[in-house]
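Working notes, beginning with the structure itself.
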Amino acid sequence: MRIATWNVNSLKARLPRVEEWLGYADADVLCLQETKLADKNFPTMAFSALGYDSAPHGNNQWNGVAIVSRVGIQGVTTGFGADTVDPYEGDARLVAANCGGVNVISVYVPNGREVGTEFYERKLVWLDLLHDWITVTYSPTDPVVVLGDFNVAPDDRDVWSTKTFEGSTHVTEPERERIRKLEEWGFVDTFRSLYPDDKLYSYWDYRRGDFHQHRGMRIDLVLATPAVADHVTWSVIDRNGRKGKQPSDHTPVIIDIDWP
DNA sequence: ATGGTAGCCCTGCTA
């Protein structure tokens, strides 16, 4: 089974690229972030024409997530549930479903803007709530994959220049601590686990020609519990998603699992 | 050089 994640920075603007990508990437499950579409505008028909069922979660022209799957989508849920006060209430940043026996969670973690702002503080709370929601919803022995745009580079290997990002969001210790807490519960960073030394990125700022200068960050993560991670046969960051005309500023991250 | 680009609609704000 092939599972992927891609922050598309507007699915409306990126649909031709996503269709093209599905045509060659052969993904069974694709998690999307920054769809920037209300559910009523989600291109369900375009995906069903390619053989995929859709589970979109979007409120308006901002943020928005989705799962599309050709191995089934069952038990779709959105957000942290009615009993939780989401510090980014009104945004659409989490959708979960069971796809072919794997519990898949597509997340778009808040950016946080600047360290010291309320947006940054709320990002940390959001990450705490993600941890809490996962730990009450699943067991570490379940097959679970939480994947998407985490807006956190887990450690210094994951940024092109530590000096450039010093004091910025995405690299602060409190943010990284939240990722480690997810790993302590049971998640494996599947890409890093396979490639301990690779300085490869999933996001490049549109400005300054950052992509072509290899000035990026690895902030799009595929975290899997051992029930899944132990079956990973291959993982890649597909740089093709960032090449050519009208690319997103993120590129897809993929895992293959040997799955029954 | 505190720059630069892309996408949203609100030609400013968010990333």
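Numbered per the numbering used here, the first sequence spans residues 118 to 377. For every residue, glycine included, the Cβ atom is placed at its ideal position computed from N, Cα and C.
Sequence-distant partners of T279 (beyond 5 residues in either direction) whose C-beta falls short of 8 Å from its own C-beta, in its chain, are D273, V288. In this structure, the alpha-carbon of N228 lies about 22 Å from that of F308. By alpha-carbon distance to A213, the top candidate from T194, V226, G207 is T194. By the CB criterion at 8 Å, A270 and S310 fall outside the cutoff.
The beta carbons of V226 and L244 sit closer together than 8 Å. Nearest neighbour of K129 by Cα position, chosen from E151, H174, M118, T122, turns out to be E151.
Beyond the five residues adjoining it in sequence on each side, S127 comes within less than 6 Å, by CB distance, of K153 in the same chain, given in chain order. When the beta-carbon positions are compared, F282 and I336 stay at least 8 Å from each other. In the three-state reduction of the DSSP assignment, P133 falls in the helix class.
The Cβ-Cβ distance between G189 and C216 falls below 8 Å. In this structure, W277 and H331 form a Cβ contact; the two beta carbons are roughly 6 Å apart against a cut-off of 8 Å. When DSSP states are grouped into helix, strand and coil, L317 belongs to the coil group.
Counting only runs that start and end inside the stretch 233-298, the beta strand (DSSP E) elements of at least 3 residues fall at 261-266. Unbroken beta strand (DSSP E) runs of no fewer than 3 residues, entirely contained in the stretch 305-377, are found at 337-341, 349-354, 370-374, following chain order.
The three-state secondary structure of D156, taken from DSSP, is helix.
When the Cα atoms are used, Y141 and G233 turn out to be separated by approximately 43 Å. Taking each of L247, S319, P291 in turn and checking the Cα distance to F304, the smallest one comes out for L247.
Excluding five sequence positions before and after H348, the CB atoms of its chain that fall closer than 8 Å to its own CB belong to I374, D375, W376, given in chain order.
Here I296 is not near V262, since their CB atoms are 8 Å or more apart. Assignment of beta strand (DSSP E) within the stretch 181-226, counting only whole runs of 3 or more residues, yields 182-186, 191-195, 211-216, 219-225 in chain order. In the DSSP assignment, L149 is bridged to W123, A183.
D249 counts as exposed, since fewer than 16 other C-beta atoms from the protein chains shown sit within 10 angstroms of its C-beta.
Taking C-alpha positions only, V224 is separated from V182 by approximately 7 Å.
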